[in-house]
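Comments concern the structure below.
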Amino acid sequence: MGTSRHRRWRRKIGPVSRWLPAFARLSTVLLLIALGLFVALRVAAPYLITTGFVRSGIEDALSKWTGYQAEIKGDPVLEFWPTPRITLNEVTIRQPRESGDKLLGRIESLSADFSLIDALRGRTSFHEFHLLRPNLALTRDEKGLIDWSYAGLLARAISGVRYENGAEVLDPALDAEIGAVTVEDGTFAVTDIASAKTYHFDSVTADIAWPRLSGAISAVVIARNNGEDLKVDFASRQPLLAFAGKSAETRTSLTSNLLTVRFQGIASIASLSALSGNIAVSIADVPALLTWSGRSIPGIGTLKSASLESDIMSSGNGLRFNDLSLSLNEASATGVMDLSTEPGKRPKIGGTLAFDQMNLKPFLDAFALRLAAGEAEDISGMREPLQLLDIDVRLSARRAQMGLFELSDVGASMIVTGGEAKFDIGDSAFEGGEMTAHLEATRRDFDGGGKLQLSIRDADFAALAERLRLKGPLPLATGSLDLDLQSPKAIWTTGLADVTGKLHFWTQEGTIPGVDAGTLRSQAAEKAFFPLSAAANGAFAFSRLDLHADFANGSAEIHDAHITGPAQTLTLSGVVTYQSNGLALSGSLEATDPAKAAELPLLPFFIGGSWPNPLISPVPLFGNSPHAQ
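With numbering that gives the first Met the number 0 as the guide, the letters of the sequence shown map in order to residues 0 to 628.
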């Protein structure tokens with residue numbers, strides 16, 4: 000049985016063993032012939048191919064591609080090992096003189112591989128281009144397109160490409176091989192016709208893979224602009240459509256130390272009418288980015304970092320951001336936003352953002368900056384993006400911080416239109432109570448000024464005083480506050496002395512620590528004046544507090560503040576200079592129940608000095624004066 004299997008294997012292997020040596024010999028011969036031809040061509044090529052022939056061929060190729068005229072001043076260098084390659088020095092590319100003699104640029108050294116077989120047949124074809132220190136001048140026209148070609152093959156391909164059945168279609172007569180293009184230490188100047196600005200890029204390094212005009216492209220470009228290194232990654236299966244300003248599938252990213260942008264989807268470099276895809280933007284240092292871009296906005300230092308990630312698509316006359324994730328400093332939000340760009344109107348940002356936790360200060364700063372942008376032209380000499388935008392955004396947050404204040408369950412809105420801006424907190428929980436607020440600024444009614452309206456109901460002011468670390472004898476109670484302030488100056492430049500307005504503060508029962516009514520009376524009976532701390536061995540209990548004040552010229556004028564206790568009532572009126580903590584108040588202490596006036600007679604006094612330990616000077620009653628006696 001084992002012998003029969005062995006015979007069967009020998010019958011199968013036998014034929015293979017007969018033809019295998021013949022195949023090996025034939026393969027070896029063919030390989031040797033090919034190798035001999037390869038070496039022979041490399042040895043004979045310098046004698047069969049002239050430098051002038053290849054040079055004129057690449058000159059014609061450059062002129063064919065760009066439509067410009069290529070001029071070569073330096074001596075060309077031919078190499079044949081390991082691949083045939085030509086290097087041209089001092090290359091200038093310009094329009095023909097009869098067409099304007101416009102200079103596209105100069106290239107210190109241009110090298111390219113060429114086909115040896117085609118050269119021996121009297122034709123030239125090139126690939127694998129390498130440009131050393133090119134200096135090119137490009138133009139971005141009014142449509143947003145780069146006009147760097149002049150009636151050449153590339154220009155004809157861009158103008159002749161069309162979109163059919165979801166694909167890029169190019170006539171075979173316009174198609175051509177390109178290969179790989181590398182750029183080393185280049186310098187580009189791009190002039191934008193619309194803005195009349197010229198952007199300079201130096202230390203440019205590029206690696207471009209584009210096998211054919213009708214094929215896909217991938218490119219990596221590294222350049223330096225205004226002292227900052229930038230890296231651009233670009234890939235598209237429809238590059239000619241993209242260069243023509245039409246909608247094309249693209250994958251693009253911009254990376255630097257200040258800014259990172261990534262987009263993948265369908266876009267056009269000339270229009271936003273058919274945009275769709277996913278975008279992500281991250282700014283590590285907003286003030287530094289503005290400085291790098293040559294812009295300056297007052298007060299921007301509070302907004303350190305920002306990031307955005309969203310699905311984006313064209314919608315009517317604007318853009319819609321779905322599944323938006325937004326981050327400002329440490330605050331993160333999700334929501335939906337719209338950017339509308341109706342003809343004849345300012346672009347407008349609208350939508351809703353929901354935060355789990357947020358800091359309101361960056362939004363208030365942005366609110367102020369939108370108005371400050373009107374003055375920014377005097378600072379930076381240019382119009383700012385904030386000045387060109389209208390805003391209508393709804394905000395919500397489970398927790399929010401505004402300076403030292405903490406809010407919860409916040410519903411707010413920011414509306415900016417023309418020269419007016421309004422920020423409203425429609426509802427929020429604050430220190431156990433509720434708070435609403437309205438901040439408004441305008442460049443017309445108040446000549447760049449603004450106003451603040453604040454309403455607090457049933458909040459724990461004892462906890463608020465502790466949170467703010469306020470010193471001195473202050474009322475500790477659950478209370479309410481109405482505040483109405485305004486300033487004739489721009490709100491981002493307003494100081495305490497510029498504020499005018501009114502305040503109404505009232506509370507339920509509470510205490511004023513550091514004020515003992517009995518000690519106050521005994522000290523007044525014994526001394527002509529004494530510090531408030533001398534009566535600090537107790538607390539003044541009250542059942543109600545009611546205070547009205549006006550603000551102007553850096554001070555608050557108190558109108559008959561009544562602090563009603565079970566036995567005695569404290570009344571205050573006068574001026575508080577809050578810039579220097581100075582006090583000039585008249586006060587009195589009297590019995591709450593008129594029937595007890597004999598037991599607790601009226602005690603008038605004057606309060607002067609500075610907070611938190613002013614001096615108290617009793618004021619003698621006329622009937623109790625020495626002259627009356």
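By construction, the Cβ of each residue, glycine as well, lies at the ideal position given by its N, Cα and C atoms.
Indicate whether Ala205 and Val180 have their beta-carbon atoms separated by less than 9 Å. yes
Classify Thr340: buried if its beta carbon has 16 or more other beta carbons within 10 angstroms, exposed otherwise. exposed
I'd like to confirm the pairing. Which residues does DSSP put opposite Gln237 in its beta bridges? Per DSSP, none; premise fails for Gln237.
On the premise that Leu61 lies in contact with Ile92, defined as a C-beta separation below 8 Å, what is that separation, rounded to the nearest angstrom? About 7 Å; that satisfies the 8 Å criterion.
Which same chain residues, not among the five before or five after Ala39, have their C-beta less than 6 Å away from its C-beta? Any reading at Ala39 is ruled out, since the residue's pLDDT is 44, under 50, leaving its predicted position unreliable.
My output table needs one value for Leu58: the three-state DSSP class, helix, strand or coil. It is worth fixing the name first, because residue 58 is Glu in this sequence and not Leu. Helix at Glu58.
Taking 8 Å as the cut-off, is the C-beta of Ala330 nearer than that to any heavy atom in the ligand PLP? Only the bare structure without any ligand can be found here, which leaves the ligand PLP out of the picture.
Name the DSSP beta bridge partners of Glu308, please? Per the DSSP secondary-structure output, Glu308 pairs in a beta bridge with Ala279, Ser324.
When the Cβ atoms of the region 582-589 are set against those of the region 598-606, are three or more pairs found closer than 8 Å? yes
Please go through the same chain and pick out, in chain order, the residues whose beta-carbon is closer than 7 Å to the beta-carbon of Ile615, but skip the five residues on each side of it. Phe528, Phe529, Leu531, Phe604, Ile606
Residues near Asp377 by beta carbon distance below 6 Å, same chain, minus five either side: Unreliable positioning characterises Asp377 in this predicted model, as indicated by a pLDDT of 38, which lies under 50. The coordinate reading is nonetheless provided below. So the list is empty, once near-sequence residues are dropped.
Name the residue from Ser202, Phe262, Val280 whose alpha carbon lies nearest to the alpha carbon of Asp184. Ser202
So, is Arg211 buried or exposed, given that buried needs 16 or more other C-beta atoms within 10 angstroms? Around the CB of Arg211, fewer than 16 other CB atoms lie within 10 Å, so the residue is classed as exposed.
Ile268 - containing beta strand (DSSP E), residue span: Where Ile268 is concerned, there is no enclosing beta strand (DSSP E), given that its DSSP letter is neither H nor E.
Cβ separation of Arg456 and Leu403, assumed to be a contact under 8 Å, to the nearest whole Å: That pair is no contact at about 20 Å.
Would Leu601 be called buried (16 or more neighbouring beta carbons within 10 Å of its own) or exposed? Burial is judged here by how many other beta carbons sit within 10 angstroms of a residue's own beta carbon; Leu601 has fewer than 16 and is exposed.
For Ile511, which residues in the same chain have their Cβ closer than 6 Å to its Cβ, ignoring the five residues on either side in sequence? Pro472, Pro474, Phe539
Assuming Ile390 and Val415 are in contact, meaning their beta carbons sit under 8 Å apart, how far apart are those beta carbons, in whole angstroms? 4 Å
Tell me whether the beta-carbon of Asp423 lies closer than 9 Å to the beta-carbon of Arg397. no
Of the listed residues Ala560, Gly264, Glu430, Pro613, nearest to Ser587 (C-alpha basis): Ala560
For Leu469, is the classification buried or exposed, using 16 other Cβ atoms within 10 angstroms of its Cβ as the cut-off for buried? Here Leu469 is exposed. Its C-beta has fewer than 16 other C-beta atoms within 10 Å.
Which same chain residues end up closer than 8 Å to Lys63 when comparing Cβ atoms and leaving out the 5 residues on each side of it in sequence? Gly151, Leu152
Buried/exposed call for Lys101, threshold 16 Cβ in 10 Å: So Lys101 ends up on the exposed side.
In DSSP terms, what Asp459 is bridged to: Thr477
Val618 classed as buried or exposed, judged by whether at least 16 other C-beta atoms fall within 10 angstroms: exposed
Beta-carbon gap between Thr190 and Arg223 smaller than 9 Å: no
Residue burial classification, Ala172 (beta-carbon count within 10 angstroms, cutoff 16): Classification of Ala172: exposed, given that the 10 Å Cβ count is below 16.
DSSP on Ala208, reduced to helix/strand/coil? Ala208 falls in the strand class under three-state DSSP.
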